[in-house]
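Residue numbers (my numbering): 1430 to 1648. We put the beta carbon where it would ideally sit given N, CA and C, even for glycine. Note that this is a predicted model, so its numbers are computed, not measured. Structure first, then comments.
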C-alpha cells in the first residue's frame, strides 16, 4: 500500500490500483500546488467533517465530475453535500469496504476550539492497522489494539506539541505519518518534523517526513 500526502489532511491511499481520497479541503488547493485534476483517477472519497480545511465543496464537485468517484460522509457533512448537489453514501458508524480497503468508522470528538461549534466528526481504522483520528485526541483512541500506523495531527490551533506527542505516546504505534500542517512554511515544518523525529526515535517509533505534495510512504 502507498499513502500519498497532498498538503494538510488530504491523503490518497492506493492498493491494487484502487485509490481512496481523504479530506481534500481548502488548504490543499489554496496556493495552487495541488489541483482537482490531480485526482482524476481516484475511486472513492471520504470526508470526515465539515471544517473547510477538510471539505471544499467547489473542488469536490470538480473531482467527482472528473473521476466519478463515490463519496462517503457522515450525516452533518451529508447535509452540506446534499445542498450542493453532491451525491454521497452515509459512513459514520460500522464497518465498510471500499475496493481493497476495510474501514471501521466511528464517532470521535473534535478537540476544543476557540469561539467555534464542535462538528460531528468521524474517525477511521483502515485495514485494522492504520488509525486516522482526524482532529481528535480522545483517550479512547489510545486503547485501540493492533495499530501500526498513526496519522497524527502535527500542529493545530487546538493543541501544542506536548499534547500531540503525549497522545501519540499513549497510542503506541510503530509508525507515524504527520498531517494537519498545511498552513506553515516548509522551513518551519522541517524544524518541527526534525524535532518530532528525534523525540519518537527514542521510543522506537518511525516518524515519516513527507514534504512535497504527492510524496508517499509505503506501508
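DSSP three-state assignment for residue 1552, whether helix, strand or coil: strand
Whole-Å CB distance - residue 1605 paired with residue 1629, under 8 angstroms assumed: 6 angstroms
Sequence-distant residues of the same chain with beta carbon closer than 6 angstroms to residue 1442, five excluded per side: 1432 and 1449
Pairwise C-alpha distance: residue 1579 and residue 1639: 14 angstroms
Check whether residue 1462 and residue 1505 have beta carbons under 8 angstroms apart: no
Nearest-angstrom beta carbon gap, residue 1489 and residue 1515 [assumed within contact, 8 angstroms]: 6 angstroms
C-alpha gap between residue 1607 and residue 1470, whole angstroms: 24 angstroms
Endpoints, alpha helix (DSSP H) assigned at residue 1613: Run containing residue 1613: none; DSSP gives neither H nor E here.
Burial state of residue 1530 (16 or more Cβ within 10 Å): buried
Proximity test, Cβ basis, 8 angstroms: residue 1552 and chain D: Among the protein chains of the structure shown there is no chain D, as only one such chain exists.
Residue burial classification, residue 1572 (beta-carbon count within 10 angstroms, cutoff 16): exposed
Counted within 10 angstroms of its Cβ, other Cβ atoms place residue 1457 as buried (16 or more) or exposed: buried
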